[in-house]
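Participant: Below: one structure in C-alpha cells.
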Amino acid sequence: MKILKNIFELNKAVKNYKNVGFVPTMGGIHKGHVSLIKISQKNNKETIVSIFVNPTQFNQKKDFKNYPRNIRKDISILKKLKVNYLFLPEVNEIYKNRMKNFKLNKSDKILCAKYRKGHFEGVLNVMNRLLSIIKSKFVYMGEKDFQQYMLIKRILGKKYKINIVGCPTIRENKIALSTRNKLLNKSCIKKASKIAIKLDKLKKLSKMNKFVDLSKYKVELENKFKIKIDYLEFRDEKKMKLDNFKSKYRLFIAYHINGVRLIDNF
Ligand code: AMP
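If you number the sequence shown the way our numbering does, the last residue is 270 and the count never jumps.
Here you go:
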C-alpha cells in the first residue's frame, strides 16, 4: 500500500483513474468501512482510501478533539486488506487553495442539517476538495449516513459526473457500526443495541400499515433509555419528504447517549 501525504505524491502515484474506486473516511477503520472497501475492490482494479478528520464539519470543537483516531491500527488494517493507496493529508494540504463554499437549500435543512448547523456544508466542502484531487469515477459511501450520501450524490455526483455508490449498513448486535461507538462503555452499547432492535421492529410495524405515533414513541424511548432524541422521523428515500409512505421510506433517528451523538436509519 502506498501512503500518500500530499497532492504531489498522489498525482505521481496515480496517473490514471480509469479503474480506481475511492472510499473516503475519517479513520477509526471498522467493519463498516471494510465493507465499502471490499465492494470497491470487487468492482475496480485498484482502491484508494482517504483518512481525513475534517475540522470544518464538526460544529463543536470538543467533538473534533475527542473524535477517535488510531492511524497506526488503521494502516495495518488497510495493508491487510491490500488497499492500493492511502491518502493521508494534513488539514493545510486540503484547505490551501481557495474554492467555492457550498450552501444548503432551505428544503435540505432537515434531520442532521437542522440539529448540526454547518455540518453538511463542511462535509460538502471537504468532499468537493477531495473529489477535485482524487478523480475516481466510483465513490463508495455508507447508507448509515443516508442524508450525507443523498446530498453528495445529488450535488457532487452531478458536478463531477461520477457514481456515488450507496452501500448497506453493517451492524453488530443490530447497532450500526460507527467510529463514535468507541466512545461508549459496555452498558451504553447494550442500550444502543436494544434501541436498534426496537426501531427495527417499529419500522416493520409501519410496513404492515400499523399506525405508529412517533412523537409518543420518542418520549417513551427517551424515558426508558435515558437518552435525548434529536429526531425520529419517517422520510422517503428519494426526496426525503416526511411520512411519505407511498414511496420507499426509512425511519431516521439521531440521539445522544452519555454525551455521544449517534445516528441510524432503518
Ligand atoms: P466515516 O469515517 O464515519 O466518515 O465514514 C466513512 C464512510 O463509511 C461513510 O461513507 C460512511 O457512511 C461509511 N460507514 C460508516 N459506518 C458504516 C457502517 N456501519 N456500515 C456501512 N458504511 C458505513
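Backbone N, C-alpha and C define an ideal beta-carbon position, used for all residues, glycine too.
#1: Contact check, PRO93 vs PHE68 under 8 Å by CB: the rounded distance?
#2: VAL216 to ILE159, Cα distance in whole Å?
#3: Please identify the residue among GLY126, THR51, TYR119, GLY31 whose C-alpha is closest to the C-alpha of ILE79.
#4: Note the first and the last residue of the continuous alpha helix (DSSP H) segment covering VAL223.
#5: Which first and last residues belong to the alpha helix (DSSP H) in which MET274 is found?
#6: Pick from ILE267, LEU108, THR51: whose alpha carbon is nearest that of LYS128?
#7: VAL316 to PHE142, Cα distance in whole Å?
#8: MET145 bridges to which residues according to DSSP?
#9: Measuring CB to CB, does ASP204 end up less than 8 Å from LEU155?
#10: Would you say the region 249-268 touches the region 171-184, given that touching needs at least three Cβ pairs under 8 Å?
Facilitator: According to the data block:
#1: The residue given as residue 93 occupies position 89 in the sequence shown. The residue given as residue 68 occupies position 64 in the sequence shown. Not confirmed; about 16 Å, so no contact.
#2: Here residue 216 is taken as the residue at index 212 of the sequence shown, counted from 1. Here residue 159 is taken as the residue at index 155 of the sequence shown, counted from 1. In a straight line, the C-alpha of VAL216 is about 33 Å away from that of ILE159.
#3: Stepping through the sequence shown from its first residue, residue 79 is reached at position 75. ILE79 has its Cα closest to that of GLY31, out of GLY126, THR51, TYR119, GLY31.
#4: Mapped onto the sequence shown, residue 223 falls at position 219. Boundaries of the alpha helix (DSSP H) around VAL223: 218-229.
#5: For the chain, the structure presents residues 5 to 270; residue 274 sits outside this window and is missing.
#6: Taking the first residue of the sequence shown as position 1, residue 128 is located at position 124. Looking at the sequence provided, one finds Leu at residue 128 rather than Lys. Per the Cα distances, LEU108.
#7: As displayed, the chain neither begins before 5 nor continues past 270, which places residue 316 out of reach and without an answer.
#8: Working through the sequence shown from its first residue, we reach residue 145 at position 141. Looking at the DSSP assignment, MET145 forms a beta bridge with GLY170.
#9: Within the sequence shown, numbered from 1, the residue matching residue 204 stands at position 200. Within the sequence shown, numbered from 1, the residue matching residue 155 stands at position 151. No; because the gap between Cβ atoms is not below 8 Å, this pair is not in contact.
#10: yes
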